[in-house]
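In the numbering used here, the protein residues as written are 105 to 489.
Below is one structure, written out as structure tokens; the observations come after it.
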Amino acid sequence: MTRIKEHLNVLANDIGPRLTGTPGNLKATNYVAGVLRELNYQVNRQRFDAMDWEDSGATLDLDGQTISAQSADYSNPINVVGELEVVDTLEALQAANIKGKICVLTGELTKEVLMPKNFTFYKPETHQQIIAALELGGPVAIISVSHNESPAAIIQDGDFEIPVLGVPQADGQKLHSGQQAHVVINTSRIKSTGENTLGHLGEGRKVAVVAHIDTAPKTIGALDNASGVATLLAIAEKLKDWQGEASLEFVIMNGEDNYAMPGELVMSEMIATNPSAYKVVVNIDGVGMLGSKVAYSGYELPDSLRETVNTIFSQQKEFVTVDPWPMGDHMLFAARGVPAISLTSADIFAQIDFLHGSADTVDVVDAVICDVVADVVSRFIREMG
Ligand SMILES: [Zn+2]
């Protein structure tokens, strides 16, 4: 039995939240570097600038009445009194005079969380139009009224400069254009760093295994993605005496769940300098969900490789094939034409809401399935190398 349970416990329970740029994230990357070194891999650390963020709370006062409010993740701080301007559609927002006012976003504008400005994989046009209208309009602060009892704001972006707070739907209904409000957001953005951690062994074209170590802000991220990192480390352990023709590269990515994907951008540049250095890449993200099959999908696979993948993966009763999905770190490689395989849990797509929250604990991870994944991927790598 490999050390999957041990790695999972260290990352999710002992360390906990691992948002890129935070002390927990640094502890986690130090831990994996130590494990890889212990297994005799050569460790390279790809450093980059990142942002840590502290939140001491937010308040919203309206005519002497205090409304419950929460700082939006990564928001800048502010303490300001201003006039409210309530808008509920993109057209209304674009037409409104919000300069110097406190802009209240509600209705269809707050249906979904906006993709961050510098997120490269997925950029819906309406999201960009809302952000552009706000930046052009120049309000002093933004209040995001949610669609439910959660005060989460639709803007969670460290590259967005206007301060944002969120209020639950019921409280949001008390806000009307023309009212005076006092907004206080007690937060600070702190310059920090992070790293992708890479372990190498051997010469020749690379067979890589990839898993991201960071989490979203308010979760210990057991399934997303401590389980993937634990599985990656188990594969590294199984292959530590590797003498194949290909070289092995274990890539612990940092930033998949971050607003700006800093580690992804650094890695993407490295891949771009020589994509053909990679023979094939296996990305592991969200594997081991209790009661779920393992889902695999292929990207940019040549026919011969597709056959090997189908033979090895589909023979496993725990595995099912799924359609390609366009997010996740396999896309960094596939976008450069590198053959890639993505492994996750089949049931994860139906429960995407539960990720990035407090429900993502080690209780939802089945270490036995992770161990099966480590076995199958190791067998695939031996076949490739
Ligand atoms: Zn993930």
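For each residue, glycine too, the CB sits at the ideal point set by N, CA and C.
The C-alpha of Ile259 lies about 15 Å from the C-alpha of Val191. When only Cα atoms are considered, Gly204 and Val184 end up about 10 Å apart. In this structure, the C-beta of His434 stays at least 7 Å away from each heavy atom of ligand 1. DSSP, reduced to helix, strand and coil, places Met393 within a strand of the structure shown. The beta carbon of Asp389 sits closer than 7 Å to at least one heavy atom of ligand 1.
In the displayed model, Met431 falls within coil according to three-state DSSP, outside both helix and strand. Annotation: Lys227 to Ala350 spans about 36 Å, alpha carbon to alpha carbon.
Taking non-hydrogen atoms of ligand 1 into account, the C-beta of Glu368 is found less than 7 Å away from none of them. Ala444 has its alpha-carbon roughly 49 Å from the corresponding atom of Leu279.
In terms of Cα proximity to Val288, the closest of Gln233, Val384, Gln174 is Gln174. Here Glu265 has Asn180 as same chain residues with Cβ atoms under 7 Å from its own Cβ, once five neighbours each way along the sequence are excluded. Nearest C-alpha to Asp361 among Glu216, Asp261, Arg149: Asp261.
A direct Cα-to-Cα measurement between Ser372 and Phe437 gives close to 7 Å. Counted as a single uninterrupted DSSP element, the beta strand (DSSP E) harbouring Asn300 occupies residues 284 to 305. Placement of the Cβ of His316 at a distance of less than 7 Å from at least one heavy atom of ligand 1 is found. Look at Asn362: its beta carbon is at least 7 Å from all of the heavy atoms in ligand 1. Residue burial annotation: Arg149 is exposed, with fewer than 16 other C-beta atoms found within 10 angstroms of its C-beta. By the Cβ neighbour-count rule, Ala364 is buried, with 16 or more other Cβ atoms within 10 Å of its own.
Selection Val333, Tyr382, Ala450, Glu253 evaluated against Arg107 yields Val333 as nearest (Cα-Cα). DSSP places Met374 within a helical segment (H, G or I) once states are collapsed to three.
The beta carbon of Ile246 sits closer than 6 Å to the beta carbons of Cys207, Ile266, Val268 from its chain, once the five residues preceding and following it are set aside; these are given in chain order. Residue pairing by DSSP places Arg149 opposite Thr301 in a beta bridge. In this structure, Leu336 is the residue among Ala454, Leu336, Asp345, Gly138 with its C-alpha nearest to the C-alpha of Asp479. Assigned with DSSP and collapsed to three states, Gln169 falls in strand. Ala326 is a Cβ neighbour of Val466, given a cutoff of 8 Å. Phe152 sits away from Val481, with the two beta carbons spaced by 8 Å or more.
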